[in-house]
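This report concerns only the one structure given below.
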Amino acid sequence: MKNLIKRWLTVMAAVAVFTSASLAAPVTDTLKHQQNTEIDMIILRGNVRVYLIQKIQGSMKIVTSRTAEELTVTKRGEKLLINSEQNEPVVLYIYLKNLKRIEASNTAVVRTSGNFNLKLLQVILHDGARAELNIHTEALYTQLKDQSKLHLAGSTEEHVLVRGKVSNLKMEKFSALKTDTIPYQLLLADEKLAGQVH
6 MKNLIKRWLT VMAAVAVFTS ASLAAPVTDT LKHQQNTEID MIILRGNVRV YLIQKIQGSM
66 KIVTSRTAEE LTVTKRGEKL LINSEQNEPV VLYIYLKNLK RIEASNTAVV RTSGNFNLKL
126 LQVILHDGAR AELNIHTEAL YTQLKDQSKL HLAGSTEEHV LVRGKVSNLK MEKFSALKTD
186 TIPYQLLLAD EKLAGQVH
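Below, the structure is given as structure tokens:
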């Protein structure tokens with residue numbers, strides 16, 4: 006009976022998340038597994054630890070050892086928004102086929118498990134967010150602000166790096182045929198100028 010209730014709750018949570026493009030579904034079990042999920046953008050906020058695994062067919066598994074009343078998972082089209090205000094980190098394993106953008110803020114941490122082969126990827130980190138990525142891409146755009154940290158391994162043909170003064174970047178095991186570095190302050194000045202023109 007206990008297993009039947011758990012399965013029913015899992016099915017109902019999956020239906021609730023994926024029938025509405027803007028529905029936020031708090032995770033209340035210690036384990037959720039949702040299949041056939043098309044995700045290419047992940048936005049992380051709060052105290053979350055995300056492990057990304059590249060697979061042919063995308064599915065998402067959310068694991069936390071604590072009650073997750075403050076965990077919000079929202080799927081909007083191909084965007085997955087994850088937020089947690091818990092004191093203990095919420096650990097998530099996300100299986101997906103393709104990925105175009107990762108945004109992380111607060112104390113969020115994102116890591117790849119194994120290699121990721123992608124055409125292009127944007128990685129945007131703010132606050133104290135961290136990312137450890139093993140990727141092979143044709144084009145890579147990285148933006149590091151505040152106390153964020155990025156550790157890259159793998160390779161790319163073209164890398165555009167926008168970096169704040171106090172952010173941390175490690176690229177010892179990463180190679181790029183071409184890298185363009187832009188100070189974050191210059192990007193902000195360009196955005197202000199563009200706003201004045203319009």
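If you use the working numbering, the sequence shown corresponds to residues 6 to 203, in order. We put the CB at the ideal spot given by N, CA and C, even for glycine. These figures come from a predicted structure and were not determined experimentally.
(message) Among the candidates 143, 118, 133 and 103, whose CA atom is the shortest distance from the CA of residue 61?
(response) 103
(request) Determine the extent of the beta strand (DSSP E) in which residue 156 is found, giving its start and end residues. (result) The continuous beta strand (DSSP E) containing residue 156 extends over residues 154-168.
(message) Can you tell me whether residue 148 is helix, strand or coil according to DSSP?
(response) strand
(message) Tell me which residue opens and which closes the beta strand (DSSP E) that residue 175 is part of.
(response) For residue 175, the enclosing beta strand (DSSP E) has its first and last residue at 173-188.
(message) Which of the three DSSP states is assigned to residue 133 in this structure?
(response) coil
(message) Buried or exposed for residue 204, going by 16 or more other Cβ atoms inside 10 Å?
(response) No answer is possible for residue 204: it lies beyond the span of the chain, which begins at 6 and ends at 203.
(message) Quick check on the burial criterion: 16 or more other C-beta atoms within 10 angstroms. Buried or exposed for residue 153?
(response) With a 10 Å radius around the Cβ and a threshold of 16 neighbouring Cβ atoms, residue 153 comes out buried.
(message) Here's the rule: buried if 16 or more other CB atoms are within 10 angstroms of the residue's CB, otherwise exposed. What is residue 190?
(response) Classification of residue 190: exposed, given that the 10 Å Cβ count is below 16.
(message) Measuring only the C-alpha atoms, how far is residue 130 from residue 74?
(response) 25 Å
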